[in-house]
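Reading through the structure tokens given below for one structure.
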Amino acid sequence: MSSALETLRRDFGGDIIEPGAAEYTSASRSVLASGSPAYVLRPKNVGDVQAGVGFAAGEGLSLSVRGGGHSFAGFGTSDDGVVIDLSKLVNVEVIDKERHRVRIGGGATWGQVAAALAPHGLAISSGDAKGVGVGGLTLTGGIGWKVRKYGLALDNVVTAEVVTAGGEVVQASAEENPELFWAIRGGGGNFGIVTAFEFAAHPTTDVFHGRIAFPASEAATVLQGWADYLRTAPEELTSVAEFANPFAGGPEAPVEIRVAFDGDDPDLAAQAIDPLRRLGTVIDDDVALKPYADTLADGVTPPPGIQLVTRSAFVDKASVPEVLRILVEVGAAQGSPFIAVRSVGGAVSRIPGDATAYAHRQAELMFVTTIAGPRPVVEAARPALEAIWVRLAPHVNGAYANFLASATEEDVAAIYPTQTYERLAAVKRQYDPGNLFARNHNIRPQ
14 MSSALETLRR DFGGDIIEPG AAEYTSASRS VLASGSPAYV LRPKNVGDVQ AGVGFAAGEG
74 LSLSVRGGGH SFAGFGTSDD GVVIDLSKLV NVEVIDKERH RVRIGGGATW GQVAAALAPH
134 GLAISSGDAK GVGVGGLTLT GGIGWKVRKY GLALDNVVTA EVVTAGGEVV QASAEENPEL
194 FWAIRGGGGN FGIVTAFEFA AHPTTDVFHG RIAFPASEAA TVLQGWADYL RTAPEELTSV
254 AEFANPFAGG PEAPVEIRVA FDGDDPDLAA QAIDPLRRLG TVIDDDVALK PYADTLADGV
314 TPPPGIQLVT RSAFVDKASV PEVLRILVEV GAAQGSPFIA VRSVGGAVSR IPGDATAYAH
374 RQAELMFVTT IAGPRPVVEA ARPALEAIWV RLAPHVNGAY ANFLASATEE DVAAIYPTQT
434 YERLAAVKRQ YDPGNLFARN HNIRPQ
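Quick note on numbering: the sequence shown equals residues 14 to 459 in the working numbering.
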């Protein structure tokens, strides 16, 4: 046993899981990826995280950080490296009732947060699924069911507690280490491990949430009408359009307009949602009043051997008609990927583009294509998928890191415009000059 491992065993109060241990098979994989790490560390406190970082750095091992483990690119595991699994750091505490301030452990999931805040009548706009980690989603964005009214999840972060590559614990806020605070709001896990967040939550009521379905044959008019309406709709309304679902008929699958209206007044909800119902022939409508926590879906773990290839981009207002035309045409063809289009705007667009490292403030839409299946099926589908993206390329820009299954240099350049990247690289030089935190959409120290 190396002296570094002996030191780790002495200083680390959490679980150290190695190959051969009973828990290793489950601990070695994240939700969407398999791996064979040398060590999976489950810290119980910040000191354990410091010890784990020091061990990985001292031994020259690659370091993966796992929150919820939903990274499409598989960042939450590795081969032969160290995984720091934050799943024991899950405390959710209201620390200031008057200002609705909430402290959340870096390993908490959004389902845990929503459940803990519900008795206080509070919420934080997050993602779509209960099992998604607070850390991974927040550090790169957070386009959730209240995004048009309350912005991205990262827009509601007030303070973060960060363990740096040097093993220090620092606070990042507008007043303390402000450049680090700027960088972690969009720059992902490049700069350290966030062991706790302080969020500004907001008072919430029950919300109107559900889906309105239309025939696939009406996709063109429904989607264009949806995009046009969301441009001026009340910001209490957030919506996602989904179509070409391979599990619901592929090209024949209904166009599903999913909605969340932030409020419990049925008349106001109807005023906001009814224009969507008038876009076409409604074949299903299950929109109902429910607790905000119930808008988050139960996540599904793919069976072993199933791969998901997810890719995303943003659309500015001028390109919306052409992008939707292409996507509708693609969705009507056999073998189409599953397509989801999210309306953004609202509160997101009112924040200056350089206020955070999330730079795509003026986008009107963000869309995602996904293919899934065993590796041979996925590989066979890749050429057609690439051809779709070649068609889209002149009309789209950027990428949303939370919906990317790859981490190429081209992906990083899409996520971070040049000026944003250069500023992030300067922060990286200060806090992680050796690039210990490289299992991400990586910003290289320059």
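Ideal placement from N, C-alpha and C gives every residue a C-beta, glycine not left out.
Please classify residue i: does DSSP put it in a helix, a strand, or coil?
i	result
K143	coil
F274	strand
H215	strand
Q459	coil
Q284	helix
Y163	helix
E106	strand
T38	helix
N410	strand
F380	strand
If residue i and residue j are in contact, beta carbons under 8 Å, what's the gap, nearest whole angstrom?
i	j	result
G119	G148	5 Å
S325	L417	6 Å
A17	F68	6 Å
Answer yes or no: do residue i and residue j have a C-beta to C-beta separation smaller than 8 Å?
i	j	result
D329	Q375	yes
S43	V53	no
T208	V176	yes
G461	S91	In this structure the chain extends from 14 to 459, so residue 461 is not present and cannot be described.
I225	V300	yes
T383	V322	yes
V126	V105	yes
R271	E255	yes
G66	F212	Strictly speaking, residue 66 in this sequence is Val, with Gly absent from that position. Taking 8 Å as the Cβ cut-off, V66 and F212 do not qualify as a contacting pair.
T234	L289	no
L74	G87	no
P50	G27	no
T369	G199	yes
What first and last residue would you give for the beta strand (DSSP E) that runs through residue i?
i	result
R291	Where R291 is concerned, there is no enclosing beta strand (DSSP E), given that its DSSP letter is neither H nor E.
K330	Unbroken run through K330: none, as it is neither H nor E.
S77	L76 to R79
F227	V220 to F227
V175	V170 to V176
T251	L250 to F256
Q184	V182 to S186
A353	F351 to S356
At what residues does the alpha helix (DSSP H) containing residue i begin and finish?
i	result
F68	V59 to E72
D241	A232 to L243
E399	R388 to L405
T308	That residue, T308, is in no alpha helix (DSSP H); it is neither H nor E in DSSP.
E422	E422 to I428
D24	S16 to D24
V361	Element bounds for V361: n/a, residue is neither H nor E.
G124	W123 to L130
When you measure from the CB of residue i to every non-hydrogen atom of the ligand ZN, does any distance come out below 7 Å?
i	result
G238	For the structure depicted, the ligand ZN is absent and the ligand set is empty, with no information on it obtainable.
Cβ contact (3+ pairs, closer than 8 Å) linking the stretch 266-278 and the stretch 374-381: no
Three or more C-beta pairs below 8 Å linking the stretch 445-456 and the stretch 198-207: yes
Stretch-stretch touch, CB-based, cutoff 8 Å, three pairs: the stretch 157-171 with the stretch 128-144: yes
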